[in-house]
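In the UniProt record's numbering, the protein residues as written are 1 to 92.
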């Protein structure tokens, strides 16, 4: 289904949802019943939540050149285990 925009001379713009490719050059206005002409405009690609748009942009930016992590996130220092057996484990 696609959304098509039509403009009535009396009532202004309105949208009609129809199967793709079935929209005619005019349709009746739902308010007054007068024939309204179809408006040809750019696709409505901007109807995405801002947070989702930002996440997609961030993912695209880092796809080729990921950000370098210089420290572990968070303010807490690393915890040391109190188990003496852990002291014998190899350190990398």
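Ideal Cβ placement from N, Cα and C applies to all residues, glycine included.
| Item | Value |
| --- | --- |
| With 16 as the cutoff for other CB atoms within 10 Å, does residue 32 come out buried or exposed? | exposed |
| Please report whether the beta-carbon of residue 54 lies at a distance below 8 Å from any beta-carbon of chain B. | Of the protein chains in this structure there is only one, and it is not chain B. |
| Could you check how far apart the C-beta atoms of residue 13 and residue 34 are, in whole angstroms? I think they sit under 8 Å. | Residue 13 to residue 34, Cβ: 14 Å. No contact. |
| On the three-state DSSP scale, how would you describe residue 27? | strand |
| Compute the beta-carbon to beta-carbon distance between residue 1 and residue 17, rounded to the nearest angstrom, for a pair I have assumed lies under 8 Å. | 5 Å |
| DSSP on residue 35, reduced to helix/strand/coil? | strand |
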